[in-house]
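First residue of the first sequence: 168, per my numbering; consecutive thereafter. The C-beta atom is built at its ideal place from N, Cα and C for all residues, glycine as well. All values reported here derive from a predicted model rather than from experimental measurement. Below: one structure, written as structure tokens.
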Amino acid sequence: MTTTRRELPPRYAAAEVEPAIYERWMAADAFRPADERPEGAEPFVIIQPPPNVTGALHLGHALTAFVEDILIRYHRMKGDDTLWLPGVDHASIAAQFVLDRILAQEGESRQSLGRERYLERMWQFMDETRETIARQHRRLGASLDWSRLRFTMDEGSARAVRVAFKRLYDDGLAYRGEALVNWCPRCRTTISDLENVKHEETGTLWSIRYHLADENGAPDPNAWITVATTRPETLFGDTAVAVHPEDERYAALVGREAVLPFLGRRLPIIADEHVERDFGTGAVKITPAHDFDDYEVGKRHGLPMITVIDEDGTLTEAAGPFAGLDRFEARPKVVEALAAQGDLEGEKPHEMVIGRCDRCGTVSEPRLSVQWFIDVKPLAERALASVREGRTRIIPSHFEKVYAHWMENIHDWAVSRQLWWGHRIPAWYCPDDHITVSDAAQGPEACVVCGRPASELRQETDIFDTWFSSGLWPFSTLGWPDPTPDYERFYPTQVMETAYEILFFWVARMMMLGLYFTDVEPFHTVYLHGIVRDPTGSKMSKTKGNVVDPLEMVEDIGADALRVALVSGNAPGVDQRLTESKLVTGRNFTNKLWNAARFVLGAQPEVAAAPAAESIAARWIRSRLGRATEEATHQLEALDIAGYTATVYEVAWSDYCDWFLEMAKVELRREDASDADRAATWRATAETLATLLRLLHPLLPFVTEEIWSALHDVDPTLVNDEPLLVCAAWPSPAPVDEEAEATFEGLSALVRGARNLRTEAGVAAGAWVPLVVEPADADAETTIRSVEPYIAALARVRPIQLGADGNRPELVAASPLGAAWLGVDAAAAEAARTRREAQLAELDRNIQRVRDLLANPSFVERAPAAVVERERRRLADLEEERRQLAAER
RNA sequence: GGGCGAUUGGCUCAGCUGGUUAGAGCGCACGGUUCACAUCCGUGAGGUCACUGGUUCGAAUCCAGUAUCGCCCACCA
């Protein structure tokens, strides 16, 4: 019977091979769940953060895709009913930011196009970038179910948004009202607390005299109260001056009035506990429309609220002579004018915290305006309880505290945005300003209050914060609010995986909205990964120019290699630096596996296998792979990605390649082997390679698939007649073969010992030297005889003499099978004796340590029996080793 | 001002609920044209696990405190 042969090219050409493999997976429809849940299968659904449509994927996306892909591939192989749904987020503010920039290059702008044409242009832009993102995900190997691709601006999302909002409104949790919000004068929209990023900056603290009003209300040139402010340009909006109620310095002034510079408005001097006596002058100007603290003070004291800064950041008419100036131009001018009239008492640098727009970096402006809000407190309570009570857990767990702290201090969510790109708020106003909220696609038929027909209603022009639709993602993508088959089958989900950076933005919102609308936790585990940084630990950013493009990396070293680089040794929630050496490690690993496969395929004998007894090497590697399977399975179940990676890396490289394949070579090349023996050995080699490929597949999907298909070509039964690895089964652990493992332990110790001796004795690497072994007992002697060819080849020793002829040197290696030494001359042996003595001393130290431990009655009494037993065995092993090393001549 | 995290060989990092002789990759040293792989193979050096105290038979691991670094949250103008 002749065999089919397959050869692999010398180099794994990732850039060509990987896309072709993805095509094969797609053609086989490998990522789409079966039409119905298979009998007995467990659901496993991962929620992926839909990337923003605004551009290309970065390394963070790559890490996200890799972690999730590893988990989903494992669960798919395991036979679970898996779903990993791809999507894209419309990212309203970010998208507008990007499009505005593009338009600017074309000499156009949002304003010049108008809402309708702007949105047309946006859709066009989206169609391009959405495809880019999908293509890049495929290039990374992400096994997403593309048949379920969703977009937060599609009709399903739009309907979910309307229904959700109407329900919140009907339940009294969504409301419209005037309040002070963070405003970005550049983006000209409200931004949420989360989008208002605080920066520590050095500003100036000015002390300004506000003259007291005399009996006629005119400023008294000789009496004043000095206020401290960092924002003199807002003084036109002042409506009071406040001091602390118990501040004796100012007690007499409370109830009197001060006069506002430039405008002459009279400001009551009020007492409020909000004022810190020790800060500045102890007196504060109160500008309720431009400061969150002052706003609260203003509300408490019923002060007027005057807006002096417009939506574009320029001063309003209320600023009198300074009207029309930009807020930052106005500031020095106001200071100058105050100085000119002698009312500037002082200025000093001041460390302060300034809010900036997350998107564009512009200093945000507290601004009084009418907005839609959601009262999220009741939702937050449930979301908090879910995590506290363990119905949803967060990995790593310390983020549970961070989450709790945020939930406990949550404020109402300002959800309206004065932007165009997004879901328009489904609220309609009649001429009497009655509000009608409707979830119907075509809007309400009439005003719910006065019954005016739809034709007289106008819809709110504001849109929703992007995160409102993202917050519905786990269920809106499955068909909610309808009880669709997907919703019934895949909701609630299992794992939500994302970067810790968006814990509040997204995860918290999904928890709150999910619980509120579906009455169940949207996922049971939140897995948070860290940030990928540059080699110096800096965050990657376009402005710093230190951005690594994952797609370039992939073209260079392959998606599998990049995956190893990003995923290995990275604990959840911990930032990592991506270094050149990690990338090289990844590349080398794929290369190693590739070459191992080349060897296996190339070593195929001419004659096909006939049943034969399995060699000790094959038995050992099967057993070893069984243990690795068990370990990897536990690690993947526990979401320990780095642990899984380490396990399979180790078993592939050091066990399969370094030990097993070297032993297989011995079997395949020994002259006394029959064709049947060779065929059997080769078959075991190929079969165990297949098992290894299954274990490695989630980590190295492409290269393993390519090798798998070569094995399949050679003989489909090698891979259990499964043509595609992606659809193949996760291995069930082979039973442990105690005998084979013990034998291997003995032989590997002998080989290692002999290699040590070679190096120590300075034997040339290629030279064959005699080895003498003194077997520990009769069984050991039998065993040694059975593995002699392995020892000879791996340690490059020949001949191997069993039993000492009374001429034992001091330089020996110890092993469970017995002591061994090289047949080299005395001088060479002498050269290494010192080292051997050091080894003995080390052994003695260890023996003493364990003896002491066992001699300690409280250890023997209190430590678990298994621990004591293990120490006893260790002592025996150490003593045996010492006996062999130091045996009398 | 609160809170969280980190501190382990030259570098980058693993070490779960306390029980190994503290690991890996890179780097380093020595030796290798053994017919899969130099993107490789073999051997080796290198760590009082930041510091101080405590709990325990036993601590890198738990507790308290200190130091340095980083992050998050926060309405002192």
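Beta-carbon proximity list for residue i, same chain, < 7 angstroms, skipping 5 on both sides
i       : result
Val1017 : Glu1038, Arg1041, Leu1042, Leu1045
Val870  : Tyr179, Asp727, Thr757, Leu760, Trp761
Val330  : Asp606, Pro648
Bridge partners - residue i, DSSP secondary structure assignment
i      : result
Lys709 : DSSP, once it has assigned bridges, lists no residue as partnering Lys709.
Trp391 : His378
Ala613 : Pro620
Asp493 : Thr481
Met663 : Ile214, Val693
Asn219 : Asp256
Asn349 : Ile358, Pro533
Gly344 : Gln538
Glu368 : Met519
Gly513 : Ser374
Phe631 : Ser583
Ala626 : The identity of residue 626 in the sequence shown is Gln, whereas the question assumes Ala. Note: Gln626 sits in a beta bridge opposite Trp595.
Own chain partners of residue i with C-beta closer than 6 angstroms, once the 5 adjacent residues on each side are dropped
i       : result
Glu1055 : Model confidence at Glu1055 stands at a pLDDT of 43, short of 50, so the residue's coordinates are unreliable; what they give is reported in the following sentence. Nothing meets the Cβ criterion.
Val537  : Glu345
Thr858  : Leu792, Pro898
Glu1047 : none
His228  : Pro218
Local conformation of residue i per DSSP, three classes
i       : result
Arg700  : strand
Val1035 : helix
Arg1056 : Only weak support is given to the placement of Arg1056: the predicted model assigns it a pLDDT of 36, under 50, and the question is left unresolved by the model.
Thr170  : coil
Gly254  : strand
Met519  : strand
His411  : coil
Asp1019 : helix
Ile473  : coil
Glu1046 : helix
His228  : helix
Gln508  : coil
Arg191  : helix
Pro650  : coil
Leu806  : coil
Ile592  : coil
Cys524  : strand
Asn363  : strand
Trp580  : strand
Leu961  : helix
Arg1040 : helix
Pro739  : coil
Ala947  : helix
Phe198  : coil
CB-CB length for residue i against residue j, believed under 8 angstroms
i      : j       : result
Val410 : Tyr417  : 4 angstroms
Val979 : Leu1052 : 6 angstroms
Leu885 : Ala853  : 5 angstroms
Ala581 : Ser359  : 6 angstroms
Glu452 : Asp405  : Reading off the sequence, residue 452 comes out as Lys, not Glu. With 8 angstroms as the limit, Lys452 and Asp405 qualify as a contact, their Cβ atoms being about 5 angstroms apart.
Glu478 : Pro659  : Rounded, the Cβ-Cβ distance is 42 angstroms, inconsistent with contact.
Gly638 : Arg676  : 3 angstroms
Thr910 : Val940  : Not a contact, Cβ separation roughly 14 angstroms.
Identity of the residue in the options nearest residue i by Cα
i      : options                         : result
Arg315 : Asp653, Val464, Leu860, Ile958  : Asp653
Glu518 : Arg794, Leu372, Gln508, Ala928  : Leu372
Asn219 : His565, Glu283, Arg526          : Arg526
Ala945 : Asp632, Pro983, Asn576, Glu283  : Pro983
Gly920 : Phe264, Trp761, Leu961          : Leu961
Leu335 : Arg423, Asp256, Val543          : Val543
Glu532 : Gly769, Ala1022, Leu175, Val364 : Val364
Thr296 : Phe318, Ala309, Ser279          : Phe318
Sequence-distant residues of the same chain with beta carbon closer than 8 angstroms to residue i, five excluded per side
i      : result
Asn923 : Ala980
Asp247 : Ala208, Glu209, Pro210, Phe211
Phe766 : Leu828
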